[in-house]
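In my numbering, the protein residues as written are 1 to 307.
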Ligand code: HMG
Ligand code: MG
């Protein structure tokens with residue numbers, strides 16, 4: 001079987017993760033969390049989001065967080081941007097890599113960013129043009145690629161159509177999102193080859209949420225389709241407040257365990273990611289969902305108890 005020899009992970013914990021937390025996480029804790037993640041070998045970290053503070057109050061301290069994190073050499077810090085206002089705020093904060101985001105579901109797009117899909121594409125065309133003029137790197141997200149939280153139909157062709165439009169406007173990379181964690185491997189096997197006909201595989205990432213326990217099997221299905229960029233979240237944090245029922249991204253520890261055990265390189269130190277997760281677990285005030293994280297914690301507890 002042909003699997004990639006190495007995989008790039010894009011860390012979502014500080015953005016997708018913390019945007020969905022009920023507890024107020026202090027700016028100090030966010031900065032410390034990102035600084036810990038920066039020491040793990042991860043080369044891409046989504047740090048925060050310059051969306052409306054009314055839409056996502058949890059990340060309203062984006063400028064402070066972005067200013068205070070220690071920018072480790074070799075690490076790119078992405079920020080989410082919903083419109084030109086967000087772009088100007090991100091640029092003023094010093095960002096050099098942004099992510100724009102739309103979806104294949106009209107109902108979700110309306111609730112998430114108060115735009116139709118077409119309006120969002122117009123908005124992002126202007127944002128991407130400005131970002132490219134400023135020499136920035138741009139990622140595009142296509143959410144609800146495997147199903148909508150509002151029951152409207154999403155087909156693989158709809159995902160491809162939005163994806164192609166985002167690439168045509170100048171995105172450097174696309175991340176295809178299973179926002180509400182409904183996807184299964186057969187859908188991945190159908191969608192990825194359709195996307196790959198139009199978009200180079202090295203510019204395609206997959207972004208799985210683990211709401212129904214299928215995220216890791218979807219990662220494996222995508223690996224078999226030669227996808228080698230995956231989004232994941234330390235400890236399995238994550239979710240979108242505008243997608244009812246959505247829970248965390250596939251855990252970074254779970255993906256690392258799978259990949260490393262299969263001999264696929266990532267350059268990321270699992271123990272250091274776990275340390276970052278442990279730190280943020282105390283701040284969010286609840287148990288983390290990553291199975292590999294839980295297993296390592298339990299194993300340490302057993303070792304401690306037996307000494
Ligand atoms: P709107 O209310 O239609 O926007 O929201 P508006 O232009 O009418 O502005 C309303 C107010 O917000 C105004 O302030 C604006 O100035 C302000 P007011 O005059 O009332 O005082 N405003 C802003 N402030 C700061 N930064 C900005 C900004 N924009 C407007 N950028 C809008 C439309 C898009 C702004 C809003 O709906 C929004 O911010 N939505 C973001 C929702 C979000 O972040 N969702 C989660 C991320 S997506 C996700 O998680 C999925 C993903 O992980 C992939 C996957 O899983 O599939 C990426
Ligand atoms: Mg997400």
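Glycine residues also receive a C-beta, built at the ideal position from the N, C-alpha and C atoms.
| Asked | Found |
| --- | --- |
| Cutoff 6 Å; reference residue 38; Cβ partners in own chain excluding five residues on either side | 72, 75 |
| Bridge partners - residue 281, DSSP secondary structure assignment | Looking at the DSSP assignment, residue 281 forms no beta bridge with any residue, so it has no partner. |
| Residue 83: CB within 7 Å of a non-hydrogen atom of the ligand HMG | yes |
| Given 8 Å, three or more beta-carbon pairs between the region 232-248 and the region 198-205 | no |
| Buried versus exposed, by CB contacts within 10 Å (16 or more), residue 206 | buried |
| Residue 305 to residue 209 span [Cα, whole Å] | 34 Å |
| Coarse secondary structure for residue 117, derived from DSSP in three states | helix |
| Residue 170 CB to nearest heavy atom of the ligand MG below 7 Å | no |
| Residue range of the unbroken alpha helix (DSSP H) whose run includes residue 89 | 84-93 |
| Spatial distance of residue 12 from residue 255 (CA atoms) | 13 Å |
| Residue 54 classed as buried or exposed, judged by whether at least 16 other C-beta atoms fall within 10 angstroms | exposed |
| Start-to-end residues for the alpha helix (DSSP H) that takes in residue 141 | Per DSSP, residue 141 belongs to no alpha helix (DSSP H); it is in the beta strand (DSSP E), 137-143. |
| Beta-ladder partner(s) of residue 45, from DSSP | 11, 77 |
| Presumed contact (8 Å Cβ cut-off) between residue 150 and residue 105, rounded CB distance | 7 Å |
| Residues near residue 245 by beta carbon distance below 8 Å, same chain, minus five either side | 149, 180, 211 |
| Three-state secondary structure assigned by DSSP to residue 232 | strand |
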